[in-house]
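Numbering (UniProt numbering), first residue to last: 1 to 297.
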């Protein structure tokens with residue numbers, strides 16, 4: 001095996017999620033001329049920061065992981081945070097194509113690696129493979145405080161329905177972060193969900209039920225069958241096995257997953273009424289009549 005092949009094998013082993021630096025290439029045995037040639041010919045492509053990847057073997061990894069690894073290679077010791085951490089955890093969050101990291105000291109954005117100076121404790125850091133990432137709860141709180149309002153509202157619904165954060169977690173975070181940037185938004189989002197409603201449509205549905213004198217329901221309730229949670233109901237009437245779904249937001253699962261969920265609820269004996277914004281706001285009496293009929297059946 002020639003020296004270039006040896007260098008290639010060493011670099012592939014050293015790369016993290018397909019990402020590597022020029023220094024790593026030099027340590028693997030590539031000459032400066034060989035490195036420059038691969039950069040100029042596009043064999044090695046920039047990721048973010050100071051890192052590169054060879055698309056032929058970086059394709060084994062999700063692009064997000066390669067980007068995140070590139071950030072940690074650019075600034076060793078950083079912790080991935082905010083949008084980057086949210087996406088790594090599988091949260092529903094828009095991808096801005098950058099890599100967000102918590103750093104010590106003062107640094108400037110470098111080739112798509114965005115530094116953030118935030119305090120963090122060891123208990124707020126976890127690992128996804130070789131990558132240091134803020135925990136799910138810490139990530140959710142940071143994003144709720146940092147995201148634009150509309151993105152933050154969607155994320156609040158997502159994390160609350162999946163119990164990433166509880167109401168107690170939110171109240172404690174507000175108390176601990178008094179005076180921090182974004183805490184007013186966190187407080188406002190928490191107030192909106194205090195009664196269990198996780199969207200404006202759910203608020204209106206709850207109000208409609210109260211005005212009609214319909215009781216015996218629980219908001220944002222887990223549905224358990226055989227000790228296993230099979231769904232989370234926007235409104236659950238546990239004594240009647242009736243569920244009301246407020247279909248006004250995009251946070252619900254994709255079509256196939258939603259069909260499986262509805263099938264599971266039907267097989268478990270639940271009646272599910274799916275209510276739209278138009279029905280709740282324009283035909284409230286029809287909604288109430290349907291709810292009463294479902295409860296009486």
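Backbone N, C-alpha and C define an ideal beta-carbon position, used for all residues, glycine too. None of these values were measured; they are calculated from a predicted model.
For residue i: DSSP bridge partner residues
{"i": "residue 45", "result": "53"}
{"i": "residue 133", "result": "80 and 126"}
{"i": "residue 116", "result": "102"}
{"i": "residue 20", "result": "52"}
Buried versus exposed, by CB contacts within 10 Å (16 or more), residue i
{"i": "residue 57", "result": "exposed"}
{"i": "residue 1", "result": "At residue 1, the pLDDT of 46 sits below 50, so the modelled position is not reliable and the matter cannot be decided from this model."}
{"i": "residue 96", "result": "exposed"}
{"i": "residue 270", "result": "buried"}
{"i": "residue 43", "result": "exposed"}
{"i": "residue 286", "result": "exposed"}
{"i": "residue 6", "result": "exposed"}
{"i": "residue 31", "result": "exposed"}
{"i": "residue 102", "result": "buried"}
{"i": "residue 291", "result": "buried"}
{"i": "residue 289", "result": "exposed"}
{"i": "residue 211", "result": "exposed"}
{"i": "residue 41", "result": "exposed"}
{"i": "residue 13", "result": "exposed"}
{"i": "residue 218", "result": "exposed"}
{"i": "residue 250", "result": "Here residue 250 scores only 48 on pLDDT, less than 50, and its place in the model should not be relied on; the value that follows carries that caveat. By the neighbour-count rule (16 or more Cβ atoms within 10 Å), residue 250 is not buried but exposed."}
{"i": "residue 89", "result": "buried"}
Among the options, nearest to residue i - alpha-carbon criterion
{"i": "residue 29", "options": "11, 18 and 180", "result": "11"}
{"i": "residue 78", "options": "113, 184 and 261", "result": "113"}
{"i": "residue 174", "options": "181, 242 and 187", "result": "187"}
{"i": "residue 169", "options": "180, 156 and 179", "result": "156"}
{"i": "residue 221", "options": "185, 172, 166 and 257", "result": "166"}
{"i": "residue 191", "options": "128, 297 and 171", "result": "171"}
Considering only residues of the region 148-194, which uninterrupted alpha helix (DSSP H) runs meet the minimum length of 4 residues and lie entirely inside it, listed in chain order?
-> Here the runs fully enclosed are 149-161, 167-176 and 183-192.
Starting from the N-terminal side, write out each stretch of the beta strand (DSSP E) that is 3 residues or longer and does not extend beyond the UniProt domain "DUF559" (199-295).
-> 218-225, 228-237, 242-246 and 271-275
Three-pair Cβ contact test at 8 Å for the region 55-72 versus the region 117-124 | no
Three or more C-beta pairs closer than 8 Å, one from the region 196-212 and one from the region 277-293: is that the case here?
-> yes
Can you list, in chain order, the stretches of the alpha helix (DSSP H) that have 4 or more residues and sit fully within the region 65-108?
-> 82-88
Inspect the CB distances between the region 217-226 and the region 258-270 and report whether three or more fall short of 8 Å.
-> yes
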